[in-house]
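Below you'll find the structure, written out as structure tokens, and then a few comments.
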Amino acid sequence: MCTATLSDVNQKSAELPTPVRNFSVRLSSTPRGARLARLLATEQLRSWGLPQDPARQLIAELASNAAAHGRVAGRDFRLTLYVVGGTLRIEVTDTRGERLPHPQAPAPDAESGRGLLLVEALADRWGVTEGRFPRKTVWAELRCAPPGPVF
Numbered sequence: 001m002c003t004a005t006l007s008d009v010n011q012k013s014a015e016l017p018t019p020v021r022n023f024s025v026r027l028s029s030t031p032r033g034a035r036l037a038r039l040l041a042t043e044q045l046r047s048w049g050l051p052q053d054p055a056r057q058l059i060a061e062l063a064s065n066a067a068a069h070g071r072v073a074g075r076d077f078r079l080t081l082y083v084v085g086g087t088l089r090i091e092v093t094d095t096r097g098e099r100l101p102h103p104q105a106p107a108p109d110a111e112s113g114r115g116l117l118l119v120e121a122l123a124d125r126w127g128v129t130e131g132r133f134p135r136k137t138v139w140a141e142l143r144c145a146p147p148g149p150v151f
């Protein structure tokens, strides 16, 4: 039999070492979905009181890569933001798990192909996690000021 009261639960919750903030949204794998990912994430960062840059650039790049290279007709991509302690983690999950990204230097006159190099330069850490087929998640982490209390 459980004898814990609501005040016991509230006390235990108050003792948790680090609050976790998160935001997650599914978006269409289109340029419009990538743009919406950047706009929604920017607003979420603002509401958490976190700096928007360079996170905004990372989100834009990862979302546009999901729309351009992770696109499968009829399937969406997911943008997830986590803040744990002093780290913001940006995750973009798409359904092209067989196509893992690899940064490579583009030709000097190429008009595209520098996105992952930008991610590598801006993020403190980044990588790819293979999920249940056919998914993969490309993620980037940034150190940021620790968030205030979660309400």
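Here the sequence shown is numbered in full-length UniProt numbering, starting from 1 and rising by one per residue. Heads up, the beta-carbon is just placed ideally off N, CA and C, and yes, glycines get one too.
| Query | Result |
| --- | --- |
| Option nearest Val92 by Cα separation, candidates Gln52, Glu120 and Ala34 | Ala34 |
| DSSP bridge partner residues for Ala140 (one or two, in chain order) | Ile90 and Trp126 |
| Spatial neighbours of Asn65 in its chain, beta-carbon cut-off 8 Å, leaving aside the 5 residues before and after | Val92, Pro101, Gly115, Leu116 and Val138 |
| Residue closest to Leu122, alpha-carbon to alpha-carbon, out of Thr30, Ile59, Ala37 and Phe23 | Ile59 |
| Distance, Pro106 Cα to Ser112 Cα | 8 Å |
| Same chain, Cβ closer than 7 Å to Glu61, neighbours up to 5 away in sequence not counted | Gly115, Leu118 and Val119 |
| Whether Val20 touches Val84 by CB criterion (9 Å) | yes |
| Close Cβ partners of Ser13 (< 8 Å) along its chain, the five nearest in sequence each way excluded | Since pLDDT at Ser13 reaches only 49, below the 50 mark, its modelled position is unreliable, and the value read off the structure follows with that caveat. There are no such residues. |
| Contact under 9 Å by Cβ, Asp94 with Ser28 | no |
| Ala110 burial status per 10 Å Cβ neighbour count (16 or more: buried) | exposed |
| Rounded C-alpha distance that separates Gly70 from Arg99 | 8 Å |
| Cutoff 9 Å: Ala68 Cβ touching any chain D Cβ | Absence of chain D from the displayed structure is noted, only one protein chain being present. |
| Whole-Å CB distance - Ala140 paired with Leu79, under 8 Å assumed | Their Cβ separation, rounded to whole angstroms, is 12 Å, which puts Ala140 and Leu79 out of contact at 8 Å. |
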